[in-house]
Amino acid sequence: MPETSTKPYLIRAIYEWCTDNGFTPYIAVFVDANTNVPREFVKNNEIVLNVSFDATSGLEMGNEWISFSARFGGVSRKLDVPVDNVLAIYARENGQGMAFPVERSVPETQAATERELNPPPKLAPVESDGAAQADGADASDDDDPNPPPVPRIGTRKPSLKVVK
Numbered sequence: 037m038p039e040t041s042t043k044p045y046l047i048r049a050i051y052e053w054c055t056d057n058g059f060t061p062y063i064a065v066f067v068d069a070n071t072n073v074p075r076e077f078v079k080n081n082e083i084v085l086n087v088s089f090d091a092t093s094g095l096e097m098g099n100e101w102i103s104f105s106a107r108f109g110g111v112s113r114k115l116d117v118p119v120d121n122v123l124a125i126y127a128r129e130n131g132q133g134m135a136f137p138v139e140r141s142v143p144e145t146q147a148a149t150e151r152e153l154n155p156p157p158k159l160a161p162v163e164s165d166g167a168a169q170a171d172g173a174d175a176s177d178d179d180d181p182n183p184p185p186v187p188r189i190g191t192r193k194p195s196l197k198v199v200k
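If you read the sequence shown in my numbering, its first letter stands for residue 37, the second for the next number, and so on.
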């Protein structure tokens, strides 16, 4: 009989320790084709998820999968994470927890898909029509090494009033 991994048991134990002590359990997950998470929040093939009672619904932590529903931008989403893809579980408040090794073999097709889904921003020059310069100054004044001080509104000293 093959030996089962200790990883799902350790994840559940640290999750229980976090909740028993009033901490917020977070899991860091390596995202690949088997991971069902909101791709718009994935950075460098990783995502950090809040798995607390308040943030999840229907949380199931099995030996192979962690499944639950969570809200992202007000929209409920069903998430499925292979236990093998969990990088770490820790308490948000103090960082205590455990990290795990994960095989990070990202196929080239998936890396290309990630680049297509999250292309780098494109910059373009902006034409100036001069309307933005309300004081009538010409563009050569922008290079002034000593610009005039900006007048402050409400320069009075802040004060507190005792209310009984």
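The C-beta atom is built at its ideal place from N, Cα and C for all residues, glycine as well.
With distance defined between alpha-carbon atoms, name the residue in the options nearest to residue i.
i      : options                         : result
Val65  : Asp56, Pro38, Met134 and Phe89  : Met134
Asn86  : Tyr51, Asn99, Pro161 and Asp120 : Tyr51
Tyr45  : Asp120, Glu82 and Val84         : Asp120
Glu100 : Asp116, Gly58 and Ala91         : Asp116
Assuming residue i contacts residue j (C-beta within less than 8 Å), just tell me the rounded distance between them.
i      : j      : result
Phe108 : Ser93  : Not quite, the Cβ-Cβ distance comes to about 13 Å (not below 8 Å), so this is no contact.
Asn70  : Lys114 : Wrong, their Cβ atoms sit about 15 Å apart, outside the cutoff.
Thr60  : Ser41  : 25 Å between Cβ atoms; not a contact.
In the DSSP output, what is residue i paired with across the bridge?
i      : result
Asp116 : Asn72 and Ser103
Val111 : Phe108
Which stretch, first to last residue, makes up the beta strand (DSSP E) that contains residue i?
i      : result
Gly98  : That residue, Gly98, is in no beta strand (DSSP E); it is neither H nor E in DSSP.
Ala127 : Val122 to Ala127
Ala135 : Gly133 to Ala135
Which runs of the alpha helix (DSSP H), 4 residues or longer, sit entirely within the stretch 38 to 87?
Counting only runs of 4 or more, we get 43 to 56.
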